[in-house]
Amino acid sequence: MLNLLENLNPEQLAAVTLPDQSALILAGAGSGKTRVLTTRIAWLIQTGNVSP
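Just so it is clear: in the sequence shown, position 2 is 1093 by our numbering, and no numbers are missing.
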């Protein structure tokens, strides 16, 4: 699981590791929104908060 989080900046890490709730991710072009969303899905599955 740590490999998922190691390439994120502090803001991205905060968005990925939010508690199990809805999240609105707003950011400009090239800021890593897709990386945050896909990493968040993987993180939620790996931590057992959602079922694949």
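From the three backbone atoms N, C-alpha and C, an ideal C-beta is built for every residue, glycine too.
Reduced DSSP category for ASN1145 - H, G, I as helix; E, B as strand; rest coil = The structure shown does not extend to residue 1145, since the chain is modelled only from 1092 through 1143, so no value can be given for it.
Helix, strand or coil at GLN1112 according to DSSP, with G and I counted as helix = Against the sequence shown, residue 1112 aligns to sequence position 21. DSSP, read as helix, strand or coil, puts GLN1112 in coil.
Kindly indicate which three-state DSSP category PRO1101 falls into: helix, strand or coil?
-> Here residue 1101 refers to the residue found at position 10 of the sequence shown. Looking at PRO1101 - three-state DSSP - the assignment turns out to be helix.
Compare the beta carbon distance of ILE1116 and ALA1105 with 8 Å and say whether it is the shorter of the two.
-> Residue numbering aside, residue 1116 sits at position 25 when the sequence shown is read from its first letter. Residue numbering aside, residue 1105 sits at position 14 when the sequence shown is read from its first letter. Contact: no.
Span of the alpha helix (DSSP H) around ALA1133 | To locate residue 1133, count along the sequence shown from 1; it is residue 42. Counting along the chain, ALA1133 sits inside the alpha helix (DSSP H) bounded by residues 1124 to 1137.
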